[in-house]
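Chain order of the listed sequences is A and B.
Going by my numbering, the first sequence opens with residue 5, and the numbers climb by one from there.
Going by my numbering, the second sequence opens with residue 5, and the numbers climb by one from there.
By construction, the Cβ of each residue, glycine as well, lies at the ideal position given by its N, Cα and C atoms.
This report refers to the structure that appears directly beneath it.
2 protein chains.
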Amino acid sequence: MSRSELSLSEHLADSIVEIIRTERLVPGDALASSRDLARRFDVTTPTVREALRRLEATGVVEFRHGSGTYVGPGSERRLLANPHLPRGSRESVLELVEARLVLEPAVAAAAARTRVPEAVARLEAASTNALHPPQESLRQSVHFHVALAAASGNALLREAVEALLQVRAREQVEIRHRYNDRARDHAEHVEIFAAVRDGDAEAAERLTREHLGSIREAVLAADFPEVGAEDEGRADSAPEEAGARDAGPMDTGAADAGATGAGAETGVAR
Amino acid sequence: MSRSELSLSEHLADSIVEIIRTERLVPGDALASSRDLARRFDVTTPTVREALRRLEATGVVEFRHGSGTYVGPGSERRLLANPHLPRGSRESVLELVEARLVLEPAVAAAAARTRVPEAVARLEAASTNALHPPQESLRQSVHFHVALAAASGNALLREAVEALLQVRAREQVEIRHRYNDRARDHAEHVEIFAAVRDGDAEAAERLTREHLGSIREAVLAADFPEVGAEDEGRADSAPEEAGARDAGPMDTGAADAGATGAGAETGVAR
DNA sequence: ACTCATAAAGTGAATAGATCACTTGATCTC
DNA sequence: GAGATCAAGTGATCTATTCACTTTATGAGT
């Protein structure tokens, strides 16, 4: 009936998702080749590519030139950060931190109530492993906050926090790199962990609020590079391999979004 | 210079985003035609299409066959729901409601503290306009919760709630359609609005928690179609009308009225 | 046997040039 | 002036190739 109101390539994308699901493919598994898919669905390769590109944008599939197409981490993710964001100003980072300030304390409280053992273990690991190199600390922190959300037992909550942390990840790196007190960060993480471990929801909530409050202060103190000059700054201080290959289970590579590069930042925002 | 490890179409996608930004294009504005873009960037049309498809996936652009390519609502959105989700079970809907139960009370409290006037007005409209037809009520409810988040003054918070509401939108429609008490829903909305209007953060938080709690009960009571048979089941028991597909436009205003002739839409005129 | 270079096959990336379907607006009736 | 008609522009898709990269199996050379 109302079947194909969808464009061919849209329908194709859905069909491919269907394949991933019915064949129980998980991230990392290989997909049939473009040519195979084209034959199977009786369309041409450019059409298949369009469908795959579309899925790639949300992380459902990944391309590896010369090797094949693989299922990506987005295949089991419900929320995600827009990978194609324009400009970033201090305001946008501040807005992000303030959003986290509203949401994460509640998440911490939920985590302290549920305390999923596995996630609590990861939480401890993320708060114990201390003071690593520069870059590492941000990743550590991301791990901590994600593990915190995971401890709530609600995967969607974890995804929400993950997605939030991915927004403006680049700018967050910049700020933390320059202004954040890693020692204090670490100490606060330890305190939050203890509260969660002890099942003290009230304390977990309050401590998380204070923790993010101090991050907020750091952002306010930062003389964030204004739009227009922001290209150089981030290009040489943030090497692009922040990527994903190392750690185990839930590492989603928060910072790897896309190193845009490309020059000619002419405009001034607003 | 710009270490281009990116595929050509990835780079192209970023360039197009750059165009949208530097030319100050807003949702609804037309983009150059595929052929033009191909010429301008000296690539072929299939390559341009790949880039555009990728952007389409996140709502940054929209295609209109025979007419052109337009800027979409996603161009100014940082968080979004994965448009390619597999199966939906009762568990997943329950998980969603419980995530909202954790997050939204805090959002409501923030809203009561900030009370952005414009958003509060929309909040009142969404809670006053009572008991419309079946389908309409869900949309009304979405409007309410989004306006609530918007009243916090933090756009990212609003986007987070929007994205959350888009997840499993179809299943949510189904459940509300069958199990939810619209009258009670409405009454609770009115109470929450009053609390926000009066700047009573504590009450707003508690009322929102209770409100979502009752929605949670409705979900628990629902005998939702189980996984496995849902392939066919979903297709014919949930026609694809108000679901996820057109949840987007509500923010951009323009296209909203088209869906039903019910009118009375609080004009979002521009 | 073992190591290492190398060739072959498979795959994604992109090109080139068309054809068809749809929308839109201007022209042409009536 | 209202409506039908037509043509230009645009997206959607196809057919046919070529190039670049990865992986693997082959086959020296040691």
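Quick check: the Cα distance between A173/A and A187/B, rounded to an integer number of angstroms? 43 Å
Does the distance from the C-beta atom of R220/A to that of V101/A stay below 8 Å? yes
Taking the beta strand (DSSP E) that G72/B falls in, what are its first and last residues? 72–75
So, do the region 62–79 of chain A and the region 150–161 of chain A have three or more beta carbon pairs nearer to each other than 8 Å? The answer is no - the region 150–161 of chain A does not touch the region 62–79 of chain A, with fewer than three Cβ pairs under 8 Å.
Report yes or no: is there a C-beta of chain A within less than 8 Å of the C-beta of D337/B? As shown, chain B starts at 5 and ends at 274. That puts residue 337/B outside it, with no answer to give.
Restricting to Cα atoms, I'd like to know which of R28/A, V165/A, A34/A is closest to L83/A. For L83/A, the nearest C-alpha among the options comes from V165/A.
What are the boundary residues of the alpha helix (DSSP H) that A226/B is part of? No alpha helix (DSSP H) holds A226/B; DSSP gives it neither H nor E.
Any idea if P87/A is buried or exposed, counting beta-carbon neighbours within 10 angstroms, 16 or more meaning buried? buried
Under a CB-based cut-off of 8 Å, is P121/A close to chain B? no
To the nearest angstrom, how far is it from the Cα of R201/A to the Cα of R119/A? Rounded to the nearest whole angstrom, the C-alpha separation of R201/A and R119/A is 7 Å.
If you draw a straight line from the alpha carbon of A42/A to that of L16/A, how long is it in whole angstroms? 10 Å
Could you name the residues of the region 146–161 of chain A whose beta carbon sits closer than 8 Å to any beta carbon of chain B, in the order they occur along the chain? S156, N158, A159, L160, L161
Based on Cα-Cα distance, which residue from V194/B, A205/B, A130/B lies nearest to A115/B? A205/B
Following the continuous alpha helix (DSSP H) through R2/A, name the residue where it begins and the one where it ends. Lying before the first or after the last residue shown, residue 2/A is absent from chain A, which here runs from 5 to 274.
Find the nearest neighbour of G78/B within the set V177/B, E95/B, V21/B, E14/B, judged by alpha-carbon distance. V21/B
Output the distance between the C-alpha atoms of I4/A and H190/B, rounded to the nearest integer angstrom. As displayed, chain A neither begins before 5 nor continues past 274, which places residue 4/A out of reach and without an answer.
What span of residues does the beta strand (DSSP E) with R44/B cover, start to end? That residue, R44/B, is in no beta strand (DSSP E); its alpha helix (DSSP H) goes 38–45.
Provide the residue(s) that pair with R28/B in DSSP beta bridges, ordered along the chain. Per the DSSP secondary-structure output, R28/B pairs with nothing in a beta bridge.
Taking only beta-carbon positions, decide if P50/A is within less than 8 Å of chain B. yes
Let me see if you follow: with CB-CB separation under 8 Å, is E214/B close to chain A or not? Not an interface residue.
Can you grab the Cα-Cα spacing for the pair H149/A / L105/A, in whole Å? 12 Å
Residue from V64/A, R126/A, G32/A with nearest C-alpha to S19/A: V64/A
C-alpha distance - L127/A paired with R210/A, whole-angstrom precision: 18 Å
Roughly how many whole angstroms lie between the Cα atoms of G32/A and S11/B? Computed Cα separation, rounded: 20 Å.
Which residues of chain A have a Cβ atom closer than 7 Å to the Cβ of R53/B, listed in chain order? What R53/B touches in chain A: E54.
Contact belief for R28/A with E163/A at Cβ below 8 Å, rounded distance in angstroms: The C-beta distance from R28/A to E163/A rounds to 21 Å, too long to fall under 8 Å, and the pair is not in contact.
Roughly how many angstroms separate the alpha carbons of E234/A and S96/A, rounded to a whole number? Residue placement at E234/A is poorly supported in this model, since its pLDDT is 38, which falls under 50; the coordinates are not used for a value here.
Pop quiz: V194/A and S131/A are said to be a contact at Cβ under 8 Å. What is the actual Cβ separation, rounded to whole angstroms? 5 Å
Could you tell me which of P90/A, R53/A, L152/A sits nearest to A129/A, measuring between CA atoms? That would be L152/A, whose Cα lies nearest to the Cα of A129/A.
Quick check on R58/A: buried or exposed, where buried means 16 or more other Cβ atoms within 10 Å of its Cβ? Looking at its Cβ environment, which holds 16 or more other Cβ atoms inside 10 Å, R58/A is buried.
Quick one, which residues of the region 76–91 of chain B are near chain A if we go by CB-CB under 9 Å, in chain order? G78, S79, E80, R81, R82, L83, L84, A85, N86, P87, H88, L89, P90, R91
Checking contacts by CB at 8 Å: is R126/A closer than that to chain B? The beta-carbon of R126/A is placed no less than 8 Å from the nearest beta-carbon of chain B.
Could you tell me if L224/B is buried or exposed, where buried requires 16 or more neighbouring beta carbons within 10 angstroms of its beta carbon? exposed
Using 10 angstroms around the beta-carbon of V30/A, count the other beta-carbons present and answer buried if the total reaches 16, otherwise exposed. exposed
Measuring alpha carbon to alpha carbon, tell me which residue in A198/B, D40/B, T51/B is nearest A125/B. For A125/B, the closest of A198/B, D40/B, T51/B by C-alpha to C-alpha distance is A198/B.
Can you have a look at T26/A and say buried or exposed, based on whether 16 or more other CB atoms are within 10 angstroms of its CB? exposed
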